[in-house]
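Residue numbering for the sequence shown is -3 to 953, as defined by the numbering used here. The beta carbon of each residue, even a glycine, is placed where N, CA and C say it ideally should be. From a predicted model like this one, the values you see are computed outputs, not experimental measurements.
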Amino acid sequence: MKTKGVFMLGNEPSKRLRDARTDHSGSSVKKVHNAGHSSSKRRSSAIDKDNIAPKKPRVDVSVINNEEIQFAKNVAGKEGTPAFNHLLDFLIEEKRLQILEEKGIKPASMSSILDKANTNAYKAFKDLYELWFDEKGNKTKYLKTLEENGINLSNMSSILSGSGSNAAKAFKDLHNLWFDEKGNKKKYLKTLEKNGINLPNMSGILSKAGSSAANAFKSLYELWFDKKGNKTKYLETLGKEGVNLPNMSSILSGAGSNAAKAFKDLYDLWFDQQGNKTKYLEALEKEGINLTNVSGILSRAKTNAAKAFKELYGTWFDERGNKTKYLKTLEKQGINLYNISSILGGAGSNATKAFKDLYTLWFDEQGDRTQRLKNLEEKGINLHNVSSILHRAGSNAAKAFQDLYELWFDEQGNTTQYFKTLEKEGISLATISDILHGVGSNAAKAFKDLYDLLFDEEANRTQYLKTLEKEGINLVNISSILSGAGSKDAKAFEDLYNLWFDKEGKKTQYLRTIEEEGINVSNMSSILSKAGSNAPKAFENLYSIWFDEEGKKTHYLKALEKEGINLSNMSSLLHGVGLNAPKAFKEMCDLWFDKEGKKTHCLKTLEKEGLNLTNMSSILSGAGINAPKAFKDLYNAFFDVQGKTKLHLKHFIAENDGQESFTMHNLSGILSGAGAKAVDAFEEFHSVCFNNDGERTKLLDDFYRIGFKPSNLSSILCRGGNRASSILKKLHNVCFNSEGKKTELLDDFYDIGFKPSDLCSLLSGTADDLEKLHDFCFTRKTIKYLNHFLDDKEGFTLSNLCNILHGAEGNACSALKDFHNVCFDNEGKRREFLDDFYNANFNSSDLSGILSMAGNNASSILKNFHQSCFKKNYLYDFLSEEKVFKPKYLSKILYGAGNNVCQIFEKLHHFCFDKAGNKTSHLRTLIKNNPSNKIIHILYEKVRKSPSTFIDDTSFQ
């Protein structure tokens, strides 16, 4: 007998089937009556009449699938209940989920909104469906308006999740709060968009607000904006502290209907009614933690944000604001809260537990370092490296740290094979941590994956590492490009390698072309810095801007080279652009050259005014993807449409009464690093120095009156960037009283012979450290370090000393102390390192020239130079030729060589003398053919500028 599906023909009853609504096998079918009956009544459900589904044709079981069952479970709850069965029947017979998908709506978005409808499941679904679609199945205005305004239904679903039986009303209320009857945005949405707040931010905060969504949205809106759409004190105050709505969205994500209360509770912990910082914030800021750091830690704390913040604060400070044992221990061990906050990012309501768990791994109950921390530090691994790797490990921080530690050390504290191999190969943890930055709780796995790419099981270098080293490409460049790749580090590394080398380790067309055109990997790594897992794609895209398919330069590169603009300038401007490098590079070129490669009006004006792209790139350094706009804005701040200098720039560079004026080099140094905010930085600095008529302000006049010159100020304000104006104002407050007279602090420096140029040279780029330097130089405990130099009448002058230590920046005090300890003993007597040079007829100016700008390295350079001169006896060979090599001439050759002094000195010796100390043919030829002053000039050119270690006789003639 033939069958149709599973039904029997004739009057025989159909084969009995299990009810799929209670069938755990997963197939969904419903009980079927005799096929011979022309009609049958549907069973009544124990629900109200509104929940009764109309009669529908019977359903062929072949079309029934699991999607309807899952949807019905999500909305109605437990399988097999009357409500579940009723909704399931309706979904199957009406094919409603199929219709939703055909209309581009994910059923999951709808089921999320209908969640918890339970016994009202059928009616709730029907009401919401009929709100979205008319009788013909067309979308109603409610859906159309959302689509027309680019609002994703998933955002709505997130907010309305759990509305249940009130789903239709909740959806309608929220829609009507945002749009009028014509579908135009109301003030709420307009204001949010105007202030850069998007719906994903809002949906994150209001997630699962459910039927209270409209009220929750309105309550939160009214906390942020007044009736006119202006920001309230809450938003204004947060904005001043660098906290934006995405930060708050991250913290409050999931707060739902309690979002407004959660927001206000947290705000009230941070600010008082006048918008002043509370004791909590002030205490944290003293420890280098700002609200951005705090918001990162509290991410996903939801309604527990205020409680979590207070608990964490209470762990670090007592009720009086004094540091607890935790903070004291961290401080004592040189570990700052910034590193801690980086690791705890995303810990949310578990922040305190996460912190304590991590703390107990590092310190015992007495606050002493555990063996783990000691082992790390003995191997040169600091917590900065660790915090970089564990960035945002959050509540998993302790486990992530322990797992990573166990990869590096065994139970006895001995280094593992992993660590030994890295050490042996000279690969630092700093390099590895840069690549692994942000990997967080997956740190151990990501580290091992990367290690396995570099070394095999026997700890031998893999093909990857061998090839890179053979071609002179170091891991520092690679780590810069891959920075932030995190858990995808190994794959990104491998993909990038495969773009540069083939299977045999030979260079691909990409790398050959780049090297042939003199583009080094350092330039590439700077521009592609932080491309992370997108590094391979970013490299390919940038290459295609520079070269065509045959490997020939594109017009962009040709135009740049023609004008002497190198990729070093470009890499400074575009540093960190990553994946967006091609777009940013192209836009920059279009500002400077037309399609034929000719200079634009913009570039011509810059050159006419003596401005070069080096100056501009210094100011805009770090602008990244915003570099083209930042460049254009800065140009427009300097010049008008005709290319004439605007007033504010004139005020700086125009000569006034014969006095020295600022140069563009000075300004670029001061504003260096301002990046995308360069115009603001320039205008703010101008307002501190000049009024609108170009007259110097009292502040600038005070400095000029006591001998400061623009060049001095540019040195001490070097790299001030966006902080240049505030740094200058603070410096003025330290140097002058309210009447414009020198403070006691500045007088102390002047009284012992410091000139403005000395102070500015010593503190180059670190104006904030003037008070710190004063305490070091004039406090009884440390006064000897400067006094011993001053007491040595034939020794270094203050100008010599400041010239030597220039570049120490924030380490000026420690650099002075270290240099003193090489030059003098505790009683102020010269040590051999200094005395031997004076006995060899060097004077302080000669040594100052050799050690010029040594900065932090002054002490080590002097010791190493002393060894080359006296232990190896190289100096006596030179001095034996006294007509040619006097100390002052050697000083000229070695001037400003910095860390390379010894290398250059020994290279010079090998050119001029053999191992026995006899003159080489090189030197004899020079002496024969040139006067002594020319000999020094030739030697300088050769040893300081020649890349070769071998120079033949003819090159000296």
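Spatial distance of residue i from residue j (CA atoms)
i: K328; j: I621; result: 40 Å
i: A396; j: A912; result: 60 Å
i: L713; j: P532; result: 39 Å
i: K777; j: Y230; result: 48 Å
i: L643; j: T596; result: 23 Å
i: I934; j: T610; result: 29 Å
i: L575; j: L524; result: 7 Å
i: H387; j: D430; result: 11 Å
i: A577; j: L287; result: 31 Å
i: N562; j: A555; result: 11 Å
i: K349; j: W358; result: 15 Å
i: C819; j: G192; result: 59 Å
i: G409; j: L379; result: 17 Å
i: L170; j: A210; result: 5 Å
i: S345; j: M244; result: 14 Å
i: G342; j: D831; result: 58 Å
i: E545; j: N537; result: 12 Å
i: G1008; j: Q398; result: Because residue 1008 is not part of the residues shown, which for the chain are -3 to 953, the question remains open.
i: E767; j: G238; result: 28 Å
i: G690; j: H647; result: 5 Å
i: G501; j: I510; result: 17 Å
i: T412; j: W404; result: 5 Å
i: L696; j: L709; result: 10 Å
Bridge partners - residue i, DSSP secondary structure assignment
i: Q655; result: N652
i: F359; result: R365
i: K227; result: F221
i: R826; result: F820
i: R692; result: F686
i: F838; result: Answer is none; F838 lacks a bridge partner.
i: F497; result: K503
i: F175; result: K181
i: F451; result: R457
i: K135; result: F129
Reduced DSSP secondary structure (H/G/I, E/B, other) of residue i
i: F221; result: strand
i: F129; result: strand
i: T411; result: strand
i: R457; result: strand
i: T641; result: strand
i: N259; result: Asn is not the amino acid found at residue 259; the sequence shown has Phe there. Note: F259 maps to helix in three-state DSSP.
i: F589; result: strand
i: K549; result: strand
i: K911; result: coil
i: F581; result: helix
i: F750; result: coil
Nearest candidate by alpha-carbon position, reference residue i, set the options
i: L645; options: C685, A394, A72 and Q505; result: C685
i: N226; options: Y184, W266 and N240; result: Y184
i: R719; options: E691, V675 and L294; result: V675
i: F909; options: Y885, E877 and H571; result: E877
i: K726; options: K882, A763, F635 and F681; result: A763
i: G200; options: K298, K903, E361 and S568; result: K298
i: T417; options: L587, N456 and F405; result: N456
i: A580; options: E823, D353, A626 and G593; result: A626
Own chain residues within Cβ distance below 7 Å of residue i, not counting five before or after
i: L786; result: I748
i: G133; result: I95
i: K941; result: none
i: G284; result: N332, L333 and Y334
i: D765; result: L759, G806 and A808
i: G761; result: C714, R715 and E805
Other residues of its chain near residue i: CB distance less than 6 Å, five sequence neighbours each side excluded
i: K26; result: Residue placement at K26 is poorly supported in this model, since its pLDDT is 38, which falls under 50; the coordinates still yield a value, given next. There are no such residues.
i: K112; result: G158 and G160
i: G892; result: S848 and M849
i: A205; result: I155, A212, G252 and S253
8 Å Cβ shell around residue i - same chain, five flanking residues per side excluded
i: Y936; result: K888 and I889
i: D268; result: T274
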